[in-house]
Every structure is written in structure tokens, then in C-alpha cells.
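Residue numbers (our numbering): 109 to 567.
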């Protein structure tokens with residue numbers, strides 16, 4: 109009789125054992141497929157988060173290098189020309205300058221809050237940029253341009269400025285008006301006339317913790333204009349840092365290599381780091397769930413293979429007489445082993461098919477519940493963070509500034525499970541592999557069978 113037909117008759121005749129094997133394989137397949145689906149869903153959500161956030165690489169002062177030199181805390185600066193060379197990389201989508209300095213409102217205009225310099229009642233700070241649209245607060249939507257136009261690279265060499273709406277209202281300013289500003293150095297008497305490019309809204313009313321500047325008094329202008337105002341004539345504008353938006357986060361290492369070649373020793377005292385803090389905050393719950401699902405998948409896979417191997421081994425021992433008769437009739441041992449493989453593969457295929465029908469909706473519910481719980485715990489941690497008191501950085505009080513949550517990066521609390529061909533291929537390959545592995549161990553005992561000994565002695 110053909111061994112395929114024998115395998116079918118054997119499964120039908122031993123319904124109890126077949127159902128036990130089917131149930132074991134079904135549970136194992138469903139759990140393994142669930143792990144695969146959760147892993148795929150969290151990976152897709154992570155990629156979507158990356159596309160939403162983008163890949164911002166910051167060029168910041170390396171505080172470790174600054175304090176490790178044994179000298180004074182002299183903050184390094186980098187030339188805008190060097191930043192332009194780095195930003196010319198084909199890996200960069202856009203980039204922005206980062207600089208700041210003190211300025212004084214003159215010509216009758218007054219600041220809204222209290223001056224940081226008692227001897228100069230209208231002294232405040234200005235932020236230097238290349239493109240105001242790329243500033244994190246504008247990009248996130250927290251700050252909004254109410255009137256006029258943003259500052260762009262086209263304004264690089266112009267004396268243009270953005271002011272906050274409260275400062276504009278106090279001085280009755282409108283886009284296109286002229287504003288006179290003085291430099292940071294009180295001993296310098298020169299002033300410059302700036303054109304008001306636009307008016308923006310900053311919803312905050314909390315003073316800056318380091319400089320105690322009232323948010324309404326913050327000015328935004330091109331870094332070159334801020335540099336000229338403060339007497340940096342000739343040569344390149346000096347910056348405190350920069351931000352580069354990469355086209356693909358995966359190219360960070362290649363970009364860092366490019367920056368090193370373009371800047372050379374100009375990068376001394378600076379460090380390049382990808383701004384993945386927001387991404388980690390958003391995907392933290394998923395990472396935990398994915399790790400747990402992967403661990404469970406491996407554990408269940410190994411346990412399932414072990415149980416199946418024991419079941420098949422027990423079946424081989426119970427069927428010694430059957431195998432002895434077959435071998436005595438001239439059946440080859442290879443076909444006897446093939447019959448075992450067909451039986452378990454047939455059960456495995458049926459279990460995998462059934463698991464594909466039930467795994468997707470079950471995994472969707474379970475996955476969302478797990479991610480939601482992790483996200484709730486992460487939000488609780490974020491909400492418990494307390495900023496340092498005004499005028500303090502918090503370092504002397506044991507607060508780590510890096511622990512400050514990123515605004516607008518809410519932890520992802522749901523995933524979308526999708527049963528695609530990749531998941532089907534994975535579970536099919538894993539399930540059939542486990543089935544064959546479970547057959548391989550008992551197959552060794554079949555190879556040692558002696559039909560004469562079985563039929564005469566029963567073993």
C-alpha cells in the first residue's frame with residue numbers, strides 16, 4: 109500500500125492522538141504567528157513614527173570634552189561656512205543654524221517683560237537661524253506664524269526679524285515696519301534697522317529657566333544679521349551649533365563620516381547626535397511588547413517542538429508491531445519514516461491553516477491591550493517629570509535635563525496587525541520545520557528496528 113494512503117488511514121484510525129497533536133500544533137502555531145504579527149506590527153509603527161518625526165541630527169557642544177580639558181568652560185563655536193559644507197551633503201534634506209546673542213530695542217520700542225540687564229531696560233535675547241520654519245517649535249506646531257512671512261535661506265544676508273505677538277501689540281508693530289536694534293555690548297553705540305518680516309505666537313508665559321527671558325520678548329533673525337549687529341565684521345559668522353534633517357535616518361553613520369571629512373578639526377568641542385529621543389519616547393511601549401512577544405514566540409516554539417517530539421516518539425513505540433510487519437513485507441525503512449513525516453506534516457499544515465484564521469483578530473486585540481498598558485505607564489512617567497525651578501538648570505538638584513519629555517511625541521498606544529505573505533511564509537516555514545524536527549528524533553529509532561526481533565519478541 110502506498111505510504112501516503114497509509115498515513116491518511118493511520119491519522120483517521122487514531123483520532124484521539126491526531127486531535128491531541130492537532131491541538132498542540134494549533135496552540136503553538138497561533139502563539140508563534142501572534143508573535144510574528146506583533147513584531148511586524150510594531151516594526152511598521154516604528155517606521156511610521158520615524159517618517160513622522162524625521163531624522164534630525166544635532167551639532168551640539170560636547171560637554172564631556174569641554175569639562176574634561178581641565179580649562180575654563182569656554183564654549184566653542186563653528187563657522188557658518190563649515191556648516192554650509194556639511195549641509196551640502198546629498199544625505200541632507202535641510203539644515204538650520206543655531207546661534208543667539210543679546211540685543212537692545214531702541215527707537216522707542218519696549219520689551220514686554222523685565223530686562224535681563226537692569227542698566228538697559230529694553231535688553232533681550234535674539235535667536236539666530238537660517239530658516240525659522242525648521243526651528244523645533246515651529247516644526248511641531250507649538251509656535252505659529254500669525255502674520256507676515258517666515259525667515260528662509262533667501263533672507264540669509266538681510267536685516268530681517270520675527271517678533272512675538274505680545275511684543276508686536278505693545279509697540280503697535282506690523283509686518284513691513286522698521287525696528288531699530290542695538291548690540292549686546294553696551295559700550296558699542298552702533299544700531300541697525302531691521303525689517304519686521306513676521307509676527308508669531310508662542311503660547312508660553314514661563315520665563316526661560318537659564319536667562320529668565322520672558323517668551324514675548326524673544327526675537328528671531330538670520331544668524332548673519334545677528335552677527336553683524338554685534339560687530340562680527342569680516343570673516344564667517346560664528347554659530348553655537350546646527351541641526352541637519354536627513355532624508356533617511358539609516359544614513360546617520362554615513363553623514364557623520366561626511367561631516368568629519370568636511371569639517372575636520374572645526375568639529376573639536378562638538379558632537380553629532382541623531383535626535384532619537386522623541387522616537388524612543390513614542391516607540392518605547394512597542395519595543396517592550398515586541399521583546400516580550402519575541403521571547404514568548406521562541407519559548408513556545410521550543411516547547412511545542414519538544415512536546416511533538418515526545419508524542420511522535422511515544423507513537424513509534426506503540427506502533428513497533430505495525431512497523432515490524434511493514435518491514436517484514438519488504439517495505440523500506442525510508443518509506444516508514446516518510447509515513448511518519450507525512451502524518452505530522454499533514455497535522456501541522458491543518459493547524460497552520462486554522463491558526464491563520466484565528467490569529468489575526470486575537471493578536472490585534474491582545475497586541476493593542478499590551479501596547480495600551482505600556483503606553484499608559486510611559487505617559488504616567490512623562491507626566492510625573494517636574495521641571496527645575498525658574499532660573500535653575502536642575503543639575504545641582506540631581507535632575508537630568510535629558511529626562512525632560514519631548515513635546516508632541518506621545519507614546520504610541522495601538523498597532524495595526526496585518527497578516528501578509530511574509531508572516532505566512534514565516535509561520536509556514538517555522539511550523540513545517542518544527543514538524544520535521546519532531547520527526548527526525550524518532551526516525552533514528554525506526555532505523556534501528558529489526559522486523560524479526562519485533563515479530564518474535566515484541567521489541
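In this text, a Cβ means the ideal position worked out from N, Cα and C, and glycines have one as well.
Local Cβ density within 10 Å of residue i, reported as buried at 16 or more and exposed below that
| i | result |
| --- | --- |
| residue 206 | buried |
| residue 301 | exposed |
| residue 388 | exposed |
| residue 190 | buried |
| residue 110 | exposed |
| residue 407 | exposed |
| residue 113 | exposed |
| residue 120 | exposed |
| residue 148 | buried |
| residue 241 | exposed |
| residue 491 | exposed |
| residue 348 | buried |
| residue 531 | buried |
| residue 264 | buried |
Candidates the options: closest to residue i by CA position
| i | options | result |
| --- | --- | --- |
| residue 219 | 192, 281 and 267 | 281 |
| residue 519 | 157, 358 and 324 | 157 |
| residue 328 | 386, 477, 348 and 243 | 243 |
| residue 413 | 452, 303 and 271 | 452 |
| residue 291 | 202, 358 and 214 | 214 |
| residue 346 | 119, 184, 170 and 138 | 184 |
| residue 398 | 479, 125 and 365 | 479 |
| residue 163 | 252, 125 and 357 | 357 |
| residue 335 | 386, 455, 293 and 415 | 293 |
| residue 217 | 277, 538 and 529 | 277 |
| residue 377 | 417, 491, 170 and 531 | 170 |
| residue 447 | 491, 482, 539 and 544 | 544 |
| residue 138 | 541, 481, 289 and 469 | 469 |
| residue 390 | 454, 489 and 353 | 489 |
| residue 460 | 539, 491, 404 and 417 | 539 |
| residue 527 | 403, 481 and 140 | 140 |
| residue 127 | 542, 455, 494 and 537 | 455 |
Residue i (DSSP reduced to helix, strand or coil)
| i | result |
| --- | --- |
| residue 155 | helix |
| residue 443 | helix |
| residue 358 | helix |
| residue 534 | helix |
| residue 148 | helix |
| residue 400 | helix |
| residue 274 | helix |
| residue 220 | coil |
| residue 179 | In this prediction, residue 179 has a pLDDT of 48, which is less than 50 and means its spatial position is unreliable; nothing more can be read from the coordinates. |
| residue 579 | Here the chain has residues from 109 to 567 only, and residue 579 is not among them. |
| residue 378 | strand |
| residue 489 | helix |
Length of the line joining the Cα atoms of residue i and residue j
| i | j | result |
| --- | --- | --- |
| residue 313 | residue 319 | 14 Å |
| residue 299 | residue 332 | 15 Å |
| residue 167 | residue 307 | 28 Å |
| residue 521 | residue 393 | 8 Å |
| residue 330 | residue 196 | 19 Å |
| residue 268 | residue 259 | 8 Å |
| residue 146 | residue 315 | 44 Å |
| residue 310 | residue 245 | 9 Å |
| residue 234 | residue 211 | 6 Å |
| residue 462 | residue 475 | 20 Å |
| residue 261 | residue 249 | 20 Å |
| residue 229 | residue 323 | 16 Å |
| residue 472 | residue 449 | 33 Å |
| residue 525 | residue 142 | 9 Å |
| residue 458 | residue 144 | 19 Å |
| residue 380 | residue 355 | 16 Å |
| residue 271 | residue 286 | 12 Å |
| residue 535 | residue 154 | 22 Å |
| residue 321 | residue 224 | 7 Å |
| residue 122 | residue 359 | 58 Å |
| residue 231 | residue 363 | 39 Å |
| residue 200 | residue 194 | 9 Å |
| residue 487 | residue 401 | 22 Å |
| residue 187 | residue 374 | 8 Å |
| residue 484 | residue 466 | 28 Å |
| residue 370 | residue 344 | 16 Å |
| residue 296 | residue 252 | 34 Å |
| residue 411 | residue 477 | 25 Å |
| residue 386 | residue 517 | 6 Å |
Distance cut-off 6 Å: residue i Cβ against heavy atoms of the ligand NAP
| i | result |
| --- | --- |
| residue 368 | Absence of the ligand NAP is noted for the structure shown, with no ligands found whatsoever. |
Close-in-space but distant-in-sequence residues of the same chain around residue i (CB under 7 Å, 5 per side omitted)
| i | result |
| --- | --- |
| residue 179 | Caution is warranted here: a pLDDT of 48 is assigned to residue 179, below 50, making its placement in the model unreliable, and no coordinate value can be reported. |
| residue 274 | 220 and 324 |
| residue 572 | The structure shown does not extend to residue 572, since the chain is modelled only from 109 to 567, so the question has no answer here. |
Proximal residues to residue i (C-beta, below 6 Å), its chain only, five neighbours per side dropped
| i | result |
| --- | --- |
| residue 257 | 305 and 306 |
| residue 366 | 197 |
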